[in-house]
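Trainee:
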Amino acid sequence: MKITKLYYLLPLFLLVMMGTIDAKDVVDPNSQSSRRLNFVVSTKQKKFDAAPFSFQLQARIMRLFHKKELHLIIARSTEEAVNEIITILKKKNATIGNLWFDSHGHWQRRRSLFEVGEEEFNYQTIRDSVLTLHLQKLAAYCDTNTKVGIGSCYGGASYTVPAIENFPAQRMNGDSLMIGVSKLFNNATVYACESFVLTGPAIMNAGYALCGAPLRKKFKDPIYVPVWEKLGEWNCYSGKTGSFESRVSVSLDPDGSIYVKGKNYLALKRNKGKLPKKLSAFRKGNYNLAYLYQSI
Amino acid sequence: MKKITIIILFVAGTSLHAQNPVLNGNKPVYRIRLTTINDNRLEGLLLEIKDSSVLIYPGKRKDWKNKIHYSAAEFGFSSIKDIRLKKKNGTWRGLIIGGGIGTAVFAGSLLIPNRMEKNHHAVYTFFAIPIGLITGAIVGSTSRKKFHINSSEPTFHEFQNSMR
Chain A
2 MKITKLYYLL PLFLLVMMGT IDAKDVVDPN SQSSRRLNFV VSTKQKKFDA APFSFQLQAR
62 IMRLFHKKEL HLIIARSTEE AVNEIITILK KKNATIGNLW FDSHGHWQRR RSLFEVGEEE
122 FNYQTIRDSV LTLHLQKLAA YCDTNTKVGI GSCYGGASYT VPAIENFPAQ RMNGDSLMIG
182 VSKLFNNATV YACESFVLTG PAIMNAGYAL CGAPLRKKFK DPIYVPVWEK LGEWNCYSGK
242 TGSFESRVSV SLDPDGSIYV KGKNYLALKR NKGKLPKKLS AFRKGNYNLA YLYQSI
Chain B
149 MKKITIIILF VAGTSLHAQN PVLNGNKPVY RIRLTTINDN RLEGLLLEIK DSSVLIYPGK
209 RKDWKNKIHY SAAEFGFSSI KDIRLKKKNG TWRGLIIGGG IGTAVFAGSL LIPNRMEKNH
269 HAVYTFFAIP IGLITGAIVG STSRKKFHIN SSEPTFHEFQ NSMR
């Protein structure tokens, strides 16, 4: 689930503008190759959805200032997205520097995933050569220096969802998904979150806007404890070395490149000691089991 | 003649037998909030009350209307702690009943004018109907039938009988 705070819509523009000024100092020099472009892939919504709307709006604003590097792809399917990306890459004779998939995660499906349109990619479907037919075309434009971000909640979750009523405990297999994505994109480096991914204000400001916890009551159920315990924690899989690194928090730069923060979100001064207090207030029954039945 | 009577009785009997008290035609009447013995919650639409379990559609009325297919959830009495039911259109029914009572009060004040002073009459006229409507709507929207099953079979059967 991708979560949005809507209260910031008015000062959003100002914050983003400030972000463009501040973030110039913290851009990773490795991703600044002139022949590398950054892509943000987001799904075209049929109905209004606050999270992708917010993300797309912020990416559009950032694109005004980083037209050379940042490209926002809003597509209904991978075919549409991939065709658009390849057209841009061919036109500019470039390769992919950063590729960010903006998507919802679905806790009720009890597996790590990301979606483009109605196509779901999880640890099983990512290995299917038919389902990933269009994404495979991007491999030619990727290498081990390419960074891929799975921007869905629980996209890189490696824990097990606790058993509840008729549903047994199940592993999320986010690590397998990350390996699959890395292989698909020519051994690229893949980043994915263990916990929630928020679309707060100034998301492309190299800050902690992607990290945090949602306010809704349904997330304050013991079933979500593994997610809360790993707030703001991202995993990194390097296709080059074939190894996992438990990274600290990840962010997006104003030009759309993936930026690894120096400190974990939970280690920040403002968040210290808050988690145990919050976890102790969790109650059974806040989560509606109907969501689990809906995903069968 | 005898044959016709038998046929009528048979048809009536089968139709009565097939009638599901929690369905109005093809639409579920009740919204259910079930608390399991482990304190987990499930909200949906009540599809059927069986001899020892309840069958629930795990979606909203809107989903049902849009024919979104979800697998039904079945809960045996042994895993049920509480059941709360809310009937369809409770708010509208409350509005109508409250409005009716308000109108009756207003009409009563018109019918017996001598018993009231003029300003009292004006007050009743002004407030009776809207107060009736608002109170009715609040009561209608918040009223729920609550059943404590607590994994007990007799209590479940009581619930089952009360729904017939």
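Heads up: the protein sequence lines correspond to chains A and B, in order.
Counting from 1 along the first sequence, just add 1 to a position and that's the residue number in my numbering.
Counting from 1 along the second sequence, just add 148 to a position and that's the residue number in my numbering.
Ideal placement from N, C-alpha and C gives every residue a C-beta, glycine not left out.
Under 7 Å between beta-carbons, which chain B residues line up against residue 294 (chain A)? List them in chain order, please.
Mentor: The sequence position of residue 294 (chain A) within the first sequence is 293, counting from 1. Under the 7 Å cutoff, chain B gives 206, 218, 219, 221.
Trainee: Mark residue 40 (chain A) as exposed unless 16 or more other C-beta atoms lie within 10 angstroms of its C-beta, in which case mark it buried.
Mentor: In the first sequence, residue 40 (chain A) corresponds to position 39, counting from 1. When all chains shown are included, residue 40 (chain A) counts as buried.
Trainee: State whether the stretch 118–132 of chain A contacts the stretch 73–85 of chain A, with contact taken as three or more CB pairs (one from each stretch) at a distance under 8 Å.
Mentor: yes
Trainee: Would you say residue 213 (chain A) and residue 197 (chain A) are within 8 Å of each other, going by their C-beta atoms?
Mentor: Position 212 of the first sequence, counted from the first residue, corresponds to residue 213 (chain A). Position 196 of the first sequence, counted from the first residue, corresponds to residue 197 (chain A). Yes; because the gap between Cβ atoms is below 8 Å, this pair is in contact.
Trainee: If you compare alpha carbons, which of A:179, A:255, A:227, A:84 is closest to residue 236 (chain A)?
Mentor: The count along the first sequence starts at 1 and reaches residue 236 (chain A) at position 235. The candidate whose alpha carbon is nearest that of residue 236 (chain A) is A:179.
Trainee: Counting along the chain, where does the alpha helix (DSSP H) carrying residue 296 (chain B) start and finish?
Mentor: Indexing the second sequence from 1 puts residue 296 (chain B) at position 148. Premise fails: residue 296 (chain B) lies in the beta strand (DSSP E), 293–296, not in any alpha helix (DSSP H).
Trainee: Short check: CB of residue 215 (chain B) to CB of residue 178 (chain B), under 8 Å?
Mentor: The count along the second sequence starts at 1 and reaches residue 215 (chain B) at position 67. The count along the second sequence starts at 1 and reaches residue 178 (chain B) at position 30. Not closer than 8 Å, so no.
Trainee: Kindly indicate if chain B contains any beta-carbon less than 8 Å away from that of residue 289 (chain A).
Mentor: Against the first sequence, residue 289 (chain A) aligns to sequence position 288. So, interface residue.
Trainee: Helix, strand or coil: how does DSSP classify residue 277 (chain A) here?
Mentor: The sequence position of residue 277 (chain A) within the first sequence is 276, counting from 1. In the three-state scheme derived from DSSP, where H, G and I count as helix and E and B as strand, residue 277 (chain A) is classed as helix.
Trainee: Is DSSP giving residue 34 (chain A) helix, strand or coil here?
Mentor: Residue 34 (chain A) sits at position 33 when you count from the first residue of the first sequence. Its pLDDT being 46, under 50, residue 34 (chain A) is placed unreliably in this model, and the value from its coordinates should be taken loosely. Judged by DSSP in its simplified three-state form, residue 34 (chain A) adopts coil rather than helix or strand.
Trainee: With 7 Å as the limit, tell me which residues of the stretch 52–81 of chain A have their beta carbon closer than that to any beta carbon of chain B; keep them in chain order.
Mentor: none
Trainee: Going along the stretch 137–166 of chain A in order, which residues come within less than 7 Å of chain B, judged by CB to CB distance?
Mentor: For the stretch 137–166 of chain A, the set of residues with a beta-carbon nearer than 7 Å to any beta-carbon of chain B comprises 165, 166, in chain order.
Trainee: Which first and last residues belong to the beta strand (DSSP E) in which residue 72 (chain A) is found?
Mentor: Here residue 72 (chain A) corresponds to residue number 71 of the first sequence, with the count starting at 1. 71–76 is the span of the beta strand (DSSP E), which, as asked, contains residue 72 (chain A).
Trainee: So, does the CB of residue 192 (chain B) fall closer than 8 Å to a CB anywhere in chain A?
Mentor: Here residue 192 (chain B) refers to the residue found at position 44 when the second sequence is read from its first residue. Chain A contact via Cβ: present.
Trainee: In the DSSP assignment, what residue or residues form a beta bridge with residue 233 (chain B)?
Mentor: As a first step, residue 233 (chain B) must be located in the second sequence, where it is residue number 85. According to DSSP, which records beta bridges pairwise, residue 233 (chain B) is partnered with B:180, B:293.
Trainee: State the Cα-Cα distance for the pair residue 295 (chain B) and residue 198 (chain B), rounded to the nearest angstrom.
Mentor: Reading the second sequence from its first residue, position 147 is the one you call residue 295 (chain B). Reading the second sequence from its first residue, position 50 is the one you call residue 198 (chain B). Roughly 16 Å separates the two Cα atoms.
Trainee: Any idea what DSSP makes of residue 193 (chain A), helix, strand or coil?
Mentor: Indexing the first sequence from 1 puts residue 193 (chain A) at position 192. It is a strand residue.
Trainee: Do the CB positions of residue 258 (chain A) and residue 146 (chain A) come within less than 8 Å of each other?
Mentor: Here residue 258 (chain A) refers to the residue found at position 257 of the first sequence. Here residue 146 (chain A) refers to the residue found at position 145 of the first sequence. Taking 8 Å as the Cβ cut-off, residue 258 (chain A) and residue 146 (chain A) do not qualify as a contacting pair.
Trainee: Could you check which residue in A:265, A:161, A:167 has the C-alpha nearest to that of residue 190 (chain B)?
Mentor: By one-based count along the second sequence, residue 190 (chain B) stands at place 42. If we check each option's Cα against that of residue 190 (chain B), A:167 comes out closest.
Trainee: Assign residue 133 (chain A) to one of three DSSP states: helix, strand, or coil.
Mentor: Looking up residue 133 (chain A) in the first sequence gives position 132. Coil.
Trainee: Under DSSP, the beta strand (DSSP E) around residue 120 (chain A) begins and ends at which residues?
Mentor: Position 119 of the first sequence, counted from the start, is the residue given in the question as residue 120 (chain A). Segment 120–123, the beta strand (DSSP E) holding residue 120 (chain A).
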